[in-house]
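Right, one structure below, let's go through it.
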Amino acid sequence: MGVLTSLEILILITLIGAFLQLTPGVFMLFYHYALGKKSKKTADDLALYFLAGVETTIIVLFLIIYYVIYFLLQNNLTLTTGLPVWLISGILVALALFSFFFYFRRGPSMSLFIPRRLAKSYDNFARDIKTRKKAFLLGFLSTLPELFLTIPLYIIATIEIMKWDNPSFPRPLLVFLGLFIVFGNLFFTRILFRSDHNLAEIDRLRRKNKTFIRIMLSLFYLVLALLIILPEFTKYGI
Amino acid sequence: MEYNEKDLKKLLKTDAKALGIPSGAAEIFIERTLKSIEKSLKSKDLITESDLTRLVVRELKKYHADLAYVYQNRDKIV
C-alpha cells in the first residue's frame with residue numbers, strides 16, 4: 002500500500018473518531034451541569050480535566066495496541082495480508098451497518114445505542130461532579146461504551162503508522178495531527194459553550210445533523226473496509 | 011411516582027443558571043411553574059414520570075423554550 006493510501010486510511014480513522022457522539026454528548030451534559038453549579042472559570046477548569054481523561058484513555062489504549070502489534074510483528078506474524086485483513090474488513094463492514102441502523106435510536110433525539118440506564122448514570126454522574134478527579138474519571142468512563150467501535154480503528158491506525166516511511170512527514174507529527182482531529186469535536190463543543198451557546202442550542206444543532214452524521218459514519222467505515230481489502234483483490238488480479 | 015418539589019426546583023435552578031438566565035427572572039418563572047404544577051396535581055393521586063415531565067415542559071415553555079427543552083431532553087443527549 003502506498004503512502005497516499007495510508008494517509009487516506011488515517012484521515013478516515015480520525016474522521017470516524019470525530020463523528021462519534023457519546024463522548025461529546027457526555028461532555029455537553031457535564032459542562033452544562035458544571036456551568037449551572039459553579040462559576041464559568043471553575044467549569045472551564047473541570048472541563049479541561051474531562052478532556053484530559055478522554056485523551057489519556059485514548060493515548061494509553063493506542064500505546065497498548067501499538068506495543069501488542071509491535072510484539073506480533075517481531076514474532077513474524079503477518080497482519081497486513083490474508084486472514085487478518087479479511088477479518089478486520091469484515092468487522093468494519095459490520096460496524097458500518099451498526100452505525101447506520103443501530104448507533105442512534107429511532108426518533109428525532111440524539112439518544113445513542115447505550116442502555117437507557119447507563120445514559121441515566123452518565124447524567125447523574127455528570128450532575129454531581131465537584132472535583133477534578135471525578136471530571137477526569139467521567140472523561141475516561143465516557144470512552145468505554147464505544148470501544149468496540151474504536152479499537153479496530155486503533156489497530157488499523159497502528160499498522161499504518163508503523164508502515165509509514167515518508168521523511169517529509171514524520172510519524173510523531175502524523176500521530177499528533179490524528180489526535181487533534183479526533184478531539185476536534187470536543188474542543189468544538191467547548192468553544193460553542195464558551196461563546197455563550199447553551200446545551201439546548203448545541204443539541205438542536207446535533208439533531209439537525211443527525212442523519213448526516215449517521216450516513217457519514219457508516220460511509221467512512223465502509224470506505225475504510227474497502228481501502229483495506231482492495232490490495233487483497235488486486236493480488237488475485239480482480 | 012412521588013413528586014418532590016424541592017428537587018425539581020433545585021434542578022430547574024441549576025439548568026437556568028447553566029443556560030445563562032438571570033437569577034431573578036429564573037426564580038420568578040420557576041415559582042410560577044411549580045405553583046401551576048401543584049395546582050394540576052391537586053386533582054390527582056398518582057402521576058407517572060412522563061406525565062410530570064409533560065406538565066413541567068408545558069409550563070416552562072410559556073417562559074423559556076431552552077429551559078423546557080433541556081428539562082425534556084436531559085436523558086436523550088446520549
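Just so you know, the protein sequences line up as chains A and B, in that order. Counting from 2, one number per residue, gives the positions in the first sequence under our numbering. Counting from 11, one number per residue, gives the positions in the second sequence under our numbering. We put the CB at the ideal spot given by N, CA and C, even for glycine. From a predicted model like this one, the values you see are computed outputs, not experimental measurements.
Query                                                                                                                  : Result
Where the alpha helix (DSSP H) through A:F170 begins and ends                                                          : Looking at the DSSP string, A:F170 is not in any alpha helix (DSSP H), and its letter there is neither H nor E.
Neighbouring residues, chain A, relative to B:K20 (Cβ below 7 angstroms)                                               : Under the 7 angstroms cutoff, chain A gives no residues; its nearest Cβ is about 10 angstroms from B:K20.
Pairwise C-alpha distance: B:N14 and A:R215                                                                            : 38 angstroms
Per-residue contacts from A:S112 into chain B (C-beta, under 7 angstroms)                                              : K86
CB of A:I160 within 8 angstroms of CB of A:L80, strictly                                                               : yes
Backbone secondary structure at A:F105 - three-state DSSP                                                              : strand
Close beta carbons around B:A26, own chain, < 8 angstroms, minus the five adjacent residues each side                  : S33, A36, I40, H74 and L77
Contact set between B:K27 and chain A, taken where Cβ atoms lie within less than 9 angstroms                           : L36, G37 and K38
Distance between A:I12 and A:G179 (C-alpha atoms, nearest Å)                                                           : 7 angstroms
Buried versus exposed, by CB contacts within 10 Å (16 or more), A:P173                                                 : exposed
Buried/exposed call for A:S54, threshold 16 Cβ in 10 Å                                                                 : Position check: residue 54 of chain A holds Gly in this sequence, whereas Ser was assumed. Buried, because 16 or more other Cβ atoms sit within 10 Å of the Cβ of A:G54.
Proximity winner among A:Q75, A:A226 and A:P109, relative to B:N83 (alpha-carbon distances)                            : A:P109
Interfacial residues, the region 184-217 of chain A to chain B, with Cβ spacing under 8 angstroms                      : D197, N199, L200, A201, E202, D204 and R205
Residue-level contact to chain A via CB, B:T63, 8 angstroms cutoff                                                     : no
For A:Y71 and A:K164, the rounded distance between their alpha carbons                                                 : 11 angstroms
Straight-line gap, A:F101 to A:F63 (C-alpha atoms, nearest Å)                                                          : 26 angstroms
Exposure label - A:Q22; buried when at least 16 CB within 10 Å                                                         : buried
Meets three-Cβ-pair contact criterion under 8 angstroms: the region 22-39 of chain A and the region 111-126 of chain A : yes
Near-chain B residues of the region 17-30 of chain A - C-beta to any C-beta below 8 angstroms                          : Q22, L23, G26, V27, M29 and L30
Element boundaries [alpha helix (DSSP H), containing B:E12]                                                            : Premise fails: B:E12 is in no alpha helix (DSSP H) and is neither H nor E.
Under 9 angstroms by beta carbon: chain A residues contacting B:V80                                                    : H33, N199, L200, A201 and D204
Option nearest B:V80 by Cα separation, candidates A:V61, A:A201 and A:S169                                             : A:A201
Close beta carbons around A:T15, own chain, < 7 angstroms, minus the five adjacent residues each side                  : G179, I182 and V183
Near-chain B residues of the region 59-75 of chain A - C-beta to any C-beta below 9 angstroms                          : none
Terminal residues of the alpha helix (DSSP H) in which A:K42 lies                                                      : K41 to Q75
7 angstroms Cβ shell around B:I47 - same chain, five flanking residues per side excluded                               : L65, V66 and E69
Per-residue contacts from B:N14 into chain A (C-beta, under 9 angstroms)                                               : Ordered by position in chain A, no residue passes the 9 angstroms Cβ test against B:N14, which lies about 15 angstroms from the chain.
Check whether A:R107 and A:F114 have beta carbons under 8 angstroms apart                                              : no
Check whether A:Y32 and A:F149 have beta carbons under 8 angstroms apart                                               : no
Anticipated Cβ contact below 8 angstroms, A:I157 with A:I89, distance rounded                                          : 7 angstroms
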